[in-house]
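Each residue of the sequence shown is one higher than the one before, counting from 210 in the working numbering.
Let me begin by presenting the structure, written as structure tokens, before commenting on it.
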Amino acid sequence: MDGAVESSLVHYGKSTSFFLDKMLERGPGYISAAVLYENLVVESRQDPSKNPHGMPLVSLYPVEGTFWSDHPYAVVDAPQTGAKEREAAALFLSFLKARPQQESALQYGFRPADPSVPMGAPLDAAHGVDPKEPQTLLNVPDGPTLEAVLALWQRTKKTSDVILVFDKSGSMRGEPLAQAKVGATSFLRSLGDRDTASIGFFDNRVMPVTDAFPLSTGRTGLEERITGVVAGGGTALYDAVLTAWEEAQRRAAAEPGRIHAVLVLTDGNDENSARTLDQVRAALAKQAESGAQPVRVFTIAYGAGADPRVLAGIAEAGGGATASGDASNIDALFRDMAAFF
């Protein structure tokens with residue numbers, strides 16, 4: 210049963226709000242159900258701008274029960290935490306738990322922590338919520354049980370095959386390339402041993418995509434390829450995207466049980482491609498119409514020279530996500546992208 214649920218997934222993600230946003234933007238053809246916080250369902254009904262297609266979301270509650278979302282309030286036990294700090298923390302906690310604040314939580318779609326505060330709008334059917342649910346509240350498991358659950362998920366999660374499209378053009382020379390190498394290496398280390406990955410470098414030419422290496426044995430070799438790359442040349446971004454995407458399509462047809470994706474990193478605008486942006490977007494959009502095994506395209510706009518709008522458009526057509534950053538946060542961006550796989 211666990212494997213059946215996992216195999217139906219489109220891809221993973223870094224937050225519940227990401228899935229909500231994409232569900233509302235792209236509709237049930239992209240994703241029809243997701244695990245969300247209840248307040249996000251309420252927000253989607255309260256603010257029409259967040260729901261451009263007017264698709265009403267409804268909360269479904271597991272018959273087995275569910276957990277309260279627990280955000281503990283804690284006072285840091287540190288040398289700088291003295292008597293005054295502890296007193297202030299206690300006063301602030303009392304303020305938060307007081308009835309006026311508990312009642313005000315309702316308007317944001319949160320249930321009061323104080324059970325004596327009556328439920329009311331917007332926690333109602335008009336906002337996709339059943340205030341009588343859940344019928345059963347589950348206790349948070351102990352540490353060993355949580356570790357066992359995570360281990361089970363690693364064994365049953367849907368595996369991925371990711372092609373990393375890496376810009377090695379001359380504008381990447383120096384610190385940008387050095388930090389991009391760190392980020393790409395971190396990305397590979399964030400993927401599971403059961404996943405496979407490959408790399409396609411490009412400058413004004415598009416280098417062949419490497420074979421798909423199982424990361425259980427091939428991670429070191431891929432990292433060495435990244436470490437050894439040297440910057441130079443122009444930027445054939447569009448050709449590189451379509452070359453990798455076409456290869457990913459072939460792999461998806463051969464292995465439909467995996468998440469197949471292309472992750473593109475570039476720091477500049479296209480200068481040397483034979484194909485155009487319109488051709489890239491048209492090819493990616495046609496995939497959805499054909500009903501073929503989907504290959505998701507994710508993009509990272511790296512540095513001031515990249516055009517975030519172009520890369521966002523490619524990711525949107527490819528059913529993926531986009532991010533923007535520079536040398537100061539590229540490692541974190543790569544790790545965020547790894548959460549999708």
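Cβ coordinates follow ideal geometry from the N, Cα and C atoms, glycine included.
This one's a predicted model, so the numbers in the text were calculated from it and none came from an experiment.
Legend entry - For LYS306 and VAL506, the rounded distance between their alpha carbons: The alpha-carbon atoms of VAL506 and LYS306 are separated by roughly 45 Å.
Legend entry - For ILE509 and LEU486, believed in contact at Cβ under 8 Å, the rounded distance: For a cut-off of 8 Å, the C-beta gap from LEU486 to ILE509 is around 17 Å, too long to register as a contact.
Inset, instruction - For the stretch 350–369 and the stretch 450–470, state whether three or more C-beta atom pairs, one from each stretch, are separated by less than 8 Å. - result: Result yes; three or more Cβ-Cβ pairs closer than 8 Å.
Inset, instruction - Tell whether a beta-carbon distance below 9 Å holds between LEU373 and LEU472. - result: Cβ atoms of LEU373 and LEU472: closer than 9 Å.
Inset, instruction - Using 10 angstroms around the beta-carbon of SER258, count the other beta-carbons present and answer buried if the total reaches 16, otherwise exposed. - result: Flag for SER258 reads exposed.
Inset, instruction - Would you identify the three-state DSSP class for PRO257, choosing helix, strand or coil? - result: Note: PRO257 maps to helix in three-state DSSP.
Legend entry - Beta-carbon proximity check, ASN413 vs ALA445, cutoff 9 Å: Contact: yes.
Inset, instruction - Note down the Cα distance separating PRO271 from PHE396, rounded to an integer number of angstroms. - result: The straight-line gap separating the alpha-carbon atoms of PRO271 and PHE396 is approximately 34 Å.
Inset, instruction - Report, in whole angstroms, the separation of the C-beta atoms of ARG382 and ALA440, which I expect to be a contact under 8 Å. - result: Under the criterion of beta carbons closer than 8 Å, ARG382 and ALA440 qualify as touching, at roughly 4 Å.
Inset, instruction - Report the residue from ALA483, ILE435, LEU266 whose alpha carbon sits nearest the alpha carbon of VAL415. - result: Nearest option by C-alpha distance: ALA483.
Inset, instruction - Determine which residues share a DSSP beta bridge with PHE411 and list them. - result: In the DSSP assignment, PHE411 forms a beta bridge with ASP376, VAL415.
Legend entry - Any chain D beta carbon closer than 9 Å to ASP402: Note that chain D does not occur in the displayed structure, where there is just one protein chain.
Inset, instruction - Have a look at TYR447 and MET264 and give me their C-alpha separation to the nearest angstrom. - result: Rounded to the nearest angstrom, the gap between the Cα atoms of TYR447 and MET264 is 34 Å.
Legend entry - Element boundaries [alpha helix (DSSP H), containing ILE435]: For ILE435, the enclosing alpha helix (DSSP H) stretches over residues 424–437.
Inset, instruction - Spatial neighbours of ASN481 within its chain, please: CB distance less than 7 Å, with the 5 preceding and 5 following residues excluded, ordered by chain position. - result: These residues qualify, in order along the chain: ASN413, GLY443, THR444, ALA445.
Inset, instruction - Classify HIS280 as helix, strand or coil using the three-state DSSP reduction. - result: It is coil, neither helix nor strand.
Inset, instruction - Kindly confirm or deny that the stretch 306–319 and the stretch 227–239 touch, where touching means at least three C-beta pairs closer than 8 Å. - result: Look at the beta carbons and you see the stretch 306–319 not touching the stretch 227–239: under three pairs across the two are nearer than 8 Å.
Inset, instruction - Quickly, what does DSSP pair LEU472 with across the bridge? List them, please. - result: Paired residues: LEU373, PHE507.
Inset, instruction - Grab the span of the alpha helix (DSSP H) containing THR354 for me, first residue to last. - result: That run of the alpha helix (DSSP H) goes 352–365.
Legend entry - Burial state of GLU525 (16 or more Cβ within 10 Å): Burial state of GLU525 is buried, judged by a 10 Å Cβ sphere holding 16 or more other Cβ atoms.
Legend entry - Three-state secondary structure (DSSP) of LEU249: Helix.
Inset, instruction - Would you kindly work out how many angstroms separate the C-alpha atoms of ALA360 and VAL285, rounded to a whole number? - result: Rounded to whole angstroms, the separation of the alpha carbons of VAL285 and ALA360 is 30 Å.
Legend entry - SER533 - containing beta strand (DSSP E), residue span: Boundaries of the beta strand (DSSP E) around SER533: 531–534.
Inset, instruction - Could you check what DSSP says for THR452 in three-state terms: helix, strand or coil? - result: DSSP, read as helix, strand or coil, puts THR452 in helix.
Legend entry - Among MET546, VAL349, ARG460, the one whose alpha carbon lies nearest that of GLY529: For the residues MET546, VAL349, ARG460, the minimum Cα distance to GLY529 belongs to MET546.
Inset, instruction - Under 8 Å by Cβ, that's how I've got ALA421 and ARG460 pegged, so tell me the actual separation to the nearest angstrom. - result: So it is a contact: roughly 7 Å between Cβ atoms.
Inset, instruction - Kindly give me the distance between the Cβ atoms of ASP540 and GLY514, rounded to whole angstroms, as I take these residues to be in contact under 8 Å. - result: In this structure ASP540 is not in contact with GLY514, their Cβ atoms being roughly 19 Å apart against a cut-off of 8 Å.
Inset, instruction - Check whether the Cβ atoms of PHE319 and PHE375 sit closer than 9 Å, and answer yes or no. - result: Here PHE319 is not near PHE375, since their CB atoms are 9 Å or more apart.
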